Amino acid sequence: FTPDWWNITFLRGLTADKRLWRKKDLSAWEVGVGTGVNIAVLRNLAPETQWHFSDYNEECVPLALENIQRIKTADGRLHPLCGSWDLVTPPPDNGMTAPKGDLVFGCLPQVPTDMDLTVADRVAHYYNPGRYPEARSHALGLGPNEALLLRAKAVLNRGGTVVLNLGGRPGK
2 FTPDWWNITF LRGLTADKRL WRKKDLSAWE VGVGTGVNIA VLRNLAPETQ WHFSDYNEEC
62 VPLALENIQR IKTADGRLHP LCGSWDLVTP PPDNGMTAPK GDLVFGCLPQ VPTDMDLTVA
122 DRVAHYYNPG RYPEARSHAL GLGPNEALLL RAKAVLNRGG TVVLNLGGRP GK
């Protein structure tokens with residue numbers, strides 16, 4: 002449950018922008034929840050927020066829920082979206098629909114798997130460009146970010162916000 006520097010930097014940005022957490026009855030969705038460290042910390046900043054969370058790796062959501070509850074017990078504001086979600090697209094076999102909300106945020110992978118991957122790194126930092134055909138910024142390592150910006154329109158309430166990390170490290 003120890004985040005890497007990639008995630009720590011993103012979390013610092015999320016906690017520094019107090020405007021994100023002022024809205025009463027905020028509904029936030031973390032795409033790519035991983036171990037759950039962001040929501041575990043952010044729940045203290047925004048105790049009234051409804052938290053939705055998903056991940057492409059279906060093992061992450063139960064792990065994140067367990068970690069989040071270790072820090073602060075569940076209070077009915079946690080809404081795990083189980084299964085393998087591709088950004089805000091639900092798994093095709095579970096019949097779920099994507100929730101609507103005010104904020105979508107994520108620390109998404111930014112290294113395409115078809116580039117030179119000589120940098121020692123965590124597998125969670127890599128993505129398959131073929132999963133995001135609508136994106137044109139794969140050469141910059143920003144395909145998932147671009148795809149999420151395009152797809153988020155369908156799940157955001159009017160005036161909603163998307164917050165993403167922009168590292169764009171395409172490899173060697």
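Numbering (the numbering used here), first residue to last: 2 to 173.
Note that the Cβ used here is the ideal one computed from N, Cα and C, for glycine as well.
From a predicted model like this one, the values you see are computed outputs, not experimental measurements.
Straight-line gap, residue i to residue j (C-alpha atoms, nearest Å)
i    : j    : result
Q70  : V164 : 24 Å
D5   : D18  : 21 Å
G20  : N166 : Reading off the sequence shown, one finds Arg at residue 20, where the question assumed Gly. Spanning the two alpha carbons is a distance of roughly 17 Å.
W7   : G35  : 12 Å
L143 : F106 : 15 Å
P22  : G14  : For clarity, residue 22 is Trp in the given sequence; the question names Pro instead. Roughly 12 Å between the two C-alpha positions.
G172 : W86  : The predicted position of G172 is uncertain, since its pLDDT is 49 and thus under 50; a value taken from the coordinates is nonetheless stated next. Taking the straight line from one Cα to the other gives about 26 Å.
P110 : A148 : 12 Å
DSSP three-state assignment for residue i, whether helix, strand or coil
i   : result
L21 : helix
T10 : helix
T16 : helix
Buried versus exposed, by CB contacts within 10 Å (16 or more), residue i
i   : result
E1  : Only positions 2 to 173 of the chain appear in this structure, which leaves residue 1 out of reach.
N39 : buried
D56 : buried
CB contact flag (residue i, residue j, <8 Å)
i    : j    : result
V156 : K101 : yes
T103 : K24  : A small correction: the amino acid at residue 103 is Asp; Thr does not occupy that position in the sequence shown. Yes, the Cβ-Cβ distance between D103 and K24 is below 8 Å.
G84  : E59  : yes
H53  : L82  : yes
L79  : L64  : no
3 or more residues per run - each beta strand (DSSP E) lying fully within the region 130 to 173 = Entirely contained in the region 130 to 173, the beta strand (DSSP E) runs reaching 3 residues are, in chain order, 157 to 165.
Completely contained alpha helix (DSSP H) runs for the region 25 to 69, where each covers 4 or more residues = With a minimum length of 4 residues, the continuous alpha helix (DSSP H) runs that stay inside the region 25 to 69 are 38 to 46.
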